[in-house]
Amino acid sequence: MTNFSPSEVNVLWADVRTYVTKHWNVSSGRKSEVSARDLLLMLLTSIKHCGSWDIVAVTFKQHSPTFQKRTMSFAKALHPFLLRKYVTTVVEKYSMALLTTSGHQFANFPFVRYATDMTFQQTNVPSGSYAEKKTYFRGKHSQYGHKVEVSILPNGFAINCTAHNKGSVSDEAIFDNNLEFHVCPIQASH
């Protein structure tokens, strides 16, 4: 999502509002001072621009650790709904036959249903001992953060996204932990 307009945010908000009011900020603990609608905008902005949490936090006039915690807790609460609505239904809708007949194939690998890659999200240096901090460190980027594996169809729809992992977890380990997703379509076709 790039350069999203207020109308696009409103459409997304209308889609998630009912779920968010039932599943976010409802526990007996301390309530967030920021509205769910504002947090949706903060989350979208973070996803688009977040090279560093500090930069986006300043935009919203918040302290970086607080901003990061609020945004991530909102994303965790919203994740099941978004996964069900925008990912699971897409998996069921776009079979390999439909992708082939509609002309949506990868140029170099026309018989592949989806492509998988890892993405890295930078975070602040965690507080705590060195042993705890180093689990978030990603040597390839020389930064602290989280990683997820995302699988995408040739028409651009994401069909799978893993839970976030600490930056030091290898790509191969994340793939192996998600093996059930990758093997399921193969077993179903036999």
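The working numbering applies: residue 1 is where the sequence shown begins, and numbers increase by one. Note that CB positions come from ideal geometry on N, CA and C, so glycine has one too.
To the nearest angstrom, how far is it from the Cα of residue i to the Cα of residue j?
| i | j | result |
| --- | --- | --- |
| GLU149 | ALA36 | 27 Å |
| VAL20 | VAL90 | 22 Å |
| ASN160 | SER151 | 5 Å |
| TYR114 | ASP176 | 17 Å |
| SER5 | ASP117 | 28 Å |
| ILE174 | GLY103 | 31 Å |
| VAL11 | TRP53 | 26 Å |
| HIS79 | ASP15 | 13 Å |
| SER95 | SER64 | 42 Å |
| LYS147 | CYS184 | 23 Å |
| PHE106 | GLU180 | 23 Å |
| GLN143 | LYS134 | 10 Å |
Within a Cβ cutoff of 8 Å, which residues of the same chain sit near residue i, ignoring the five residues on either side of it in sequence?
| i | result |
| --- | --- |
| VAL56 | MET42, THR45, SER46, HIS49, CYS50, PHE67 |
| ALA97 | none |
| GLU132 | PRO126 |
| ASN155 | TYR94, LEU99, SER102, HIS104 |
When DSSP builds the beta bridges, which residues end up paired with residue i?
| i | result |
| --- | --- |
| PHE137 | TYR144 |
| GLU172 | The partner list for GLU172 (beta bridge, DSSP) is empty, contrary to what the question assumes. |
| CYS184 | Paired residue(s): none; CYS184 is not in a bridge. |
| GLU149 | MET118 |
| LYS166 | HIS146 |
| THR177 | The residue asked about is misnamed: residue 177 is Asn in this sequence, not Thr. Note: ASN177 sits in no beta bridge, so no partner. |
| ALA107 | In DSSP, ALA107 forms no bridge with anything. |
Enumerate in chain order the residues of its own chain whose CB-to-CB distance from residue i is below 7 Å, with the five nearest sequence positions on each side excluded.
| i | result |
| --- | --- |
| GLY216 | Lying before the first or after the last residue shown, residue 216 is absent from the chain, which here runs from 1 to 190. |
Give every residue of the same chain whose Cβ lies closer than 6 Å to the Cβ of residue i, excluding the five residues on either side of it in the sequence, and list them in chain order.
| i | result |
| --- | --- |
| ALA77 | HIS23, TRP24 |
Of all the options the options, which has the alpha carbon lying nearest to the alpha carbon of residue i?
| i | options | result |
| --- | --- | --- |
| ARG30 | PHE4, GLU132, THR116, ARG70 | ARG70 |
| PHE157 | PRO80, SER129, GLU92, ASP15 | GLU92 |
| SER73 | SER32, GLU180, VAL112, THR100 | SER32 |
| ALA75 | ASP38, GLN62, PHE111, GLN143 | ASP38 |
| ARG17 | LEU40, GLU8, VAL34 | LEU40 |
| TRP13 | THR88, LEU82, GLY128 | LEU82 |
Using a Cβ-Cβ cut-off of 8 Å, state whether residue i counts as contacting chain C.
| i | result |
| --- | --- |
| MET118 | Going by chain labels, chain C is absent from the structure shown, which holds only one protein chain. |
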